[in-house]
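Chemist: Quick one: the structure is below, and I'll ask about it shortly.
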Amino acid sequence: MTRVLSAGHVNWDVTLRLDELPEPDGEARISAQSSGGGGSAANTAVALSSLDVEAGVLGSVGDDENGQRVRDELAQRGLDLSALREIEGGTTAVKYLLIAADGTVAVLGNDGCNEAVRPDDIDPGRLDGVDHLHLTSQRPATARRLAELARSSGGTVSFDPGRRLPHRDFSGALSLADLVFCNDREASVVGELEPELRADCTLVVKQGSEGALAIAGEEEYHHAGFGIDSIDTSGAGDAFAAGFLTEWLDGDDIERCLAVGNACGALAAEQQGARTTPTQEAIEQLLHRETGSVDE
1 MTRVLSAGHV
11 NWDVTLRLDE
21 LPEPDGEARI
31 SAQSSGGGGS
41 AANTAVALSS
51 LDVEAGVLGS
61 VGDDENGQRV
71 RDELAQRGLD
81 LSALREIEGG
91 TTAVKYLLIA
101 ADGTVAVLGN
111 DGCNEAVRPD
121 DIDPGRLDGV
131 DHLHLTSQRP
141 ATARRLAELA
151 RSSGGTVSFD
161 PGRRLPHRDF
171 SGALSLADLV
181 FCNDREASVV
191 GELEPELRAD
201 CTLVVKQGSE
211 GALAIAGEEE
221 YHHAGFGIDS
231 IDTSGAGDAF
241 AAGFLTEWLD
251 GDDIERCLAV
261 GNACGALAAE
271 QQGARTTPTQ
281 EAIEQLLHRE
291 TGSVDE
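Counting from 1, one number per residue, gives the positions in the sequence shown under the UniProt record's numbering.
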């Protein structure tokens, strides 16, 4: 079984459902509230595990109640938590997800100790036996060190830097990545760094309801996505990355990777919560139901 280590943020999420997001100086009614584990690294690892990939998480949580909840939830999913540090006296990062009835998301949060892992904290042998490293937002120097270790151990690397990409220098990690995931807003930043990317790096642009685009060398590929009634898009991007990676690691073509990634994102958007568990059966049903379906 393929082994993937997903590195980056591990959070506790509080989800607030609203009729609509408030205007400045405005007020919005909360129609429902829930809480559960979050963080892009953890969310992607959970989705990978549900797709029969052996997944682990590298990151940090506090030794507080939320940190224990996070660990318990991930352990129940069967993830390898040997690289998830518990910081003594630390506070687990909490993100507040404001989700409007139309699926629009706004995020508030404190950093807590979710970036406590520094380059010097990483065991040089941590990536031994890992087939693929998936990086998400974290300290740029830590991301680069992990990518270097993955490369030296013969593994491949993907990077989904997220919302903070415009404000942090991730060029070191990006230059070592085989795959870079971003959305339309982030794509312009990645484009400015294109000279530093590997010649064989594939750029994957997540376009929400419009599907996704992949650029590999001189070739461009597009999958239009699926017509769904979106409920919550907070976990769609991480689910997309998990679906795309699962197929890519199996050696499937880019068209298939995009289709499965979009299917996972669509399935995530049809349910509540940032953490989703797509299944192969549900993916195939969606692929064959829609006009954008593909055969294996």
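Glycine included, every Cβ here is placed at the ideal spot set by N, Cα and C. None of the values given here were measured: they were computed from a predicted structure.
1) Where E65 and I99 are concerned, what is the direct C-alpha to C-alpha distance, given to the nearest angstrom?
2) Put F181 into one of helix, strand or coil per three-state DSSP.
3) Quick test of your reading: V4 and V61, contact by CB under 8 Å. State the CB separation rounded to the nearest angstrom.
4) Check whether the Cβ atoms of Q138 and A7 sit closer than 8 Å, and answer yes or no.
5) Can you tell me the Cα-Cα spacing of C257 and F244, whole angstroms?
6) Could you spell out the range, first to last residue, of the beta strand (DSSP E) harbouring G33?
7) Going by CA-CA distance only, name the one from A75, E255 and G38 that's closest to K95.
8) Contact between the region 117 to 130 and the region 198 to 212 is defined here as three or more beta-carbon pairs at a separation below 8 Å; is this criterion met?
9) For the beta strand (DSSP E) containing G237, name the first residue and the last one.
10) Among the residues of its own chain, which have a CB less than 6 Å from the CB of L149, if the five just before and after it don't count?
11) Name the one or two DSSP bridge partners that E27 has.
12) Residue ranges of each beta strand (DSSP E) run of no fewer than 3 residues wholly in the region 189 to 220, ordered along the chain?
13) With burial defined as no fewer than 16 other Cβ atoms inside 10 Å of the residue's Cβ, what is the status of E296: buried or exposed?
14) One question on the structure: do G208 and A239 come within less than 8 Å of each other, judged by their Cβ atoms?
15) Taking DSSP's pairing of strands, which residues face G109 in a bridge?
16) Cβ atoms of V57 and V10: under 8 Å apart, would you say?
17) Between Q280 and the rest of its own chain, which residues show a CB-CB distance below 7 Å, the 5 nearest in sequence each way excluded?
18) Which class does N66 belong to by DSSP, given the choice of helix, strand or coil?
19) For the region 129 to 136 against the region 109 to 120, are there 3 or more C-beta pairs whose distance is under 8 Å?
20) May I ask which residues mark the beginning and end of the alpha helix (DSSP H) holding T142?
21) Which of the three DSSP states, helix, strand or coil, is assigned to I87?
22) Sorted by chain position, which residues of the same chain lie with C-beta nearer than 8 Å to V105's C-beta, five sequence neighbours on each side aside?
23) In whole angstroms, what is the alpha-carbon distance linking G36 and E218?
24) Taking the beta carbon of P161 as the centre, do at least 16 other beta carbons fall within 10 Å, making it buried, or is it exposed?
25) Tell me where the beta strand (DSSP E) around H7 begins and ends.
Modeler: Quick look at the numbers:
1) Position 65 of the sequence shown, counted from the first residue, corresponds to residue 65. Position 99 of the sequence shown, counted from the first residue, corresponds to residue 99. Straight-line Cα distance between these residues: approximately 25 Å.
2) Indexing the sequence shown from 1 puts residue 181 at position 181. Three-state result, F181: strand.
3) Walking along the sequence shown from the start, residue 4 turns up at place 4. Walking along the sequence shown from the start, residue 61 turns up at place 61. Rounded, the Cβ-Cβ distance is 20 Å, inconsistent with contact.
4) Sequence index remark: in the sequence shown, residue 138 carries index 138 (1-based). Sequence index remark: in the sequence shown, residue 7 carries index 7 (1-based). Closer than 8 Å, so yes.
5) The residue given as residue 257 occupies position 257 in the sequence shown. The residue given as residue 244 occupies position 244 in the sequence shown. Cα-Cα distance, rounded: 5 Å.
6) The residue labelled residue 33 in the question sits at position 33 within the sequence shown. The question names Gly, but residue 33 is Gln in the sequence shown. I30 to G38 is the extent of the beta strand (DSSP E) around Q33.
7) In the sequence shown, the residue the question calls residue 95 occupies position 95. The candidate whose alpha carbon is nearest that of K95 is G38.
8) Contact between the region 117 to 130 and the region 198 to 212 is absent, with fewer than three C-beta pairs closer than 8 Å.
9) Translated into positions along the sequence shown, residue 237 becomes position 237. Looking at the DSSP string, G237 is not in any beta strand (DSSP E); the run it does join, the alpha helix (DSSP H), is A236 to L249.
10) As a working mapping, residue 149 is identified with position 149 in the sequence shown. Within the same chain, Cβ atoms closer than 6 Å to the Cβ of L149 are found at L127, the five residues on either side in sequence being excluded.
11) Here the question's residue 27 lines up with position 27 in the sequence shown. In the DSSP output, where bridge partners are listed per residue, E27 has none listed.
12) DSSP runs (the beta strand (DSSP E)) wholly in the region 189 to 220: 202 to 206 and 212 to 216.
13) Translated into positions along the sequence shown, residue 296 becomes position 296. With a pLDDT of 42 at E296, under the threshold of 50, the modelled position of that residue is not reliable, and the figure given next carries that caveat. By the neighbour-count rule (16 or more Cβ atoms within 10 Å), E296 is not buried but exposed.
14) Translated into the one-based positions of the sequence shown, residue 208 becomes position 208. Translated into the one-based positions of the sequence shown, residue 239 becomes position 239. The answer is no: Cβ separation not under 8 Å.
15) As a first step, residue 109 must be located in the sequence shown, where it is residue number 109. G109 is bridged by DSSP to K95.
16) Looking up residue 10 in the sequence shown gives position 10. Looking up residue 57 in the sequence shown gives position 57. Their beta carbons are under 8 Å apart, which means V10 touches V57 by this criterion.
17) Here residue 280 refers to the residue found at position 280 when the sequence shown is read from its first residue. Excluding its 5 nearest sequence neighbours in each direction, Q280 has C-beta neighbours in its own chain below 7 Å: L51, listed in chain order.
18) For the purposes of this step, residue 66 is taken as residue 66 along the sequence shown, with counting starting at 1. Under the three-state reduction of DSSP, N66 is assigned to helix.
19) Output reads no: the region 109 to 120 does not touch the region 129 to 136.
20) As a working mapping, residue 142 is identified with position 142 in the sequence shown. It spans P140 to S152 - the alpha helix (DSSP H) in which T142 sits, taken as one unbroken run.
21) Working through the sequence shown from its first residue, we reach residue 87 at position 87. In the structure shown, I87 falls within a strand segment according to DSSP collapsed to helix, strand and coil.
22) As a working note, residue 105 is residue 105 in the sequence shown. Only L97, L98, I99, D232, T233 and S234 meet the Cβ criterion.
23) In the sequence shown, residue 36 corresponds to position 36, counting from 1. In the sequence shown, residue 218 corresponds to position 218, counting from 1. Spanning the two alpha carbons is a distance of roughly 42 Å.
24) By one-based count along the sequence shown, residue 161 stands at place 161. Classification of P161: buried, given that the 10 Å Cβ count is 16 or more.
25) The residue given as residue 7 occupies position 7 in the sequence shown. Reading off the sequence, residue 7 comes out as Ala, not His. Looking at the DSSP string, the run of the beta strand (DSSP E) that includes A7 is R3 to A7.
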